[in-house]
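Going by our numbering, the letters in the sequence shown line up with residues 652 to 884, in that order.
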Amino acid sequence: MHDHVLIILAQMHRKTSSCSGETPSSPWLTIPLDDYEAHMALPAVGQAQMLAEQLAILIERHAPASVAVMGCAGGNGLERFESTCVRRVVAVDINPKYIAVSKIRYANRLANLDLRCADIESPGLQFEPVELIYAALILEYTNTVATLATLKRNLRPGGTLAAILQLAHPQQHAITPSDYRTLKALSSAFKLVVPADLSAQASAAGFEFVDSSAIDLPSGKRFQLQTFKLLGQ
Ligand SMILES: C[S@@+](CC[C@H](N)C(=O)[O-])C[C@H]1O[C@@H](n2cnc3c(N)ncnc32)[C@H](O)[C@@H]1O
């Protein structure tokens, strides 16, 4: 086959398998949602429930009218918005298949659910700014400076950024080995983000550190929840 035909086919494939503004090489585009969710629900991982629980606590504590969930995957935790004061939810993910499943699961359950397939690093990601942004276990896969710029652009001044970071563990793999081998593709993209580094970069971007707490799972994995306030009027 001629080279130009191959190029056109490759472009067509990219358009059908991804969304605008993404990092084309994101390994997340190769992970079936079933594999990801089954992995996260394993007792040895046990992170899905923790992430949903932390979102519920944040909703209760901050009583925001609008929230953005960055890296929403298949919508884990979105049910926690039901019967709350939250009137508008924006949920963003780079994987169009995850967004499609989130739509099937939640479009009828949540009024004003704005699902976006987008790269969180993209300057083109823009929506009406929200009062709370939840960025849980996504900074490990993205450029922090570019991500903070997007978070700042889409958060109201005085609004809260809540980030959950995975902490280093001397005896455990960053990505717990499991039967879901497709997740191995994430290893090359994963990097631990040190909470102090995130604080420093957030401060440089115009956020004020508010508080921080450790989250320990029975599996032994440790996480840090950090909240920041966006300075401004
Ligand atoms: C570890 S998961 C986050 C946890 C997820 N919210 C949950 O509760 O299971 C990371 C998510 O971020 C998404 N993601 C990774 N890089 C991204 C990017 N650059 N822009 C938007 N989403 C991204 C992935 O597709 C994945 O769904």
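C-beta: ideal position from N, C-alpha, C; glycine also. Just so you know, these numbers come straight off a predicted model, no measurement behind them.
Given residue i as reference, the closest of the options once Cα atoms are compared
i	options	result
R873	S838, A836, T827 and K835	T827
R804	R832, D867 and E779	E779
M691	D830, V844, A856 and C768	D830
L684	L799, I750, G857 and L818	I750
V781	D686, P846 and H713	H713
Inter-residue spacing [alpha-carbon to alpha-carbon] between residue i and residue j
i	j	result
A689	F879	31 Å
S753	P774	24 Å
T801	R760	27 Å
E704	M721	16 Å
V796	L776	15 Å
Y757	S863	30 Å
Y792	S717	25 Å
F732	I771	22 Å
A840	I789	11 Å
I682	C670	15 Å
Q852	E730	32 Å
A769	N794	15 Å
T798	A786	10 Å
G810	L849	17 Å
L693	L702	14 Å
Counted within 10 angstroms of its Cβ, other Cβ atoms place residue i as buried (16 or more) or exposed
i	result
S854	exposed
D744	buried
G725	buried
L882	exposed
Q700	exposed
C723	buried
S677	buried
N763	exposed
I658	Note that I658 scores 37 on pLDDT, short of 50, meaning its location in the model is unreliable; the coordinates nonetheless yield the value given after this. The residue is exposed, with fewer than 16 neighbouring Cβ atoms inside 10 Å.
G871	exposed
Ligand 2 heavy atom lying under 8 Å from the CB of residue i
i	result
A797	No copy of ligand 2 appears in this structure; the ligands present are ligand 1.
Any heavy atom of ligand 1 within less than 5 Å of residue CB: hits in chain order: W679, L702, G722, A724, N727, D744, I745, N746, D770, I771, L788, I789, Y792 and T793
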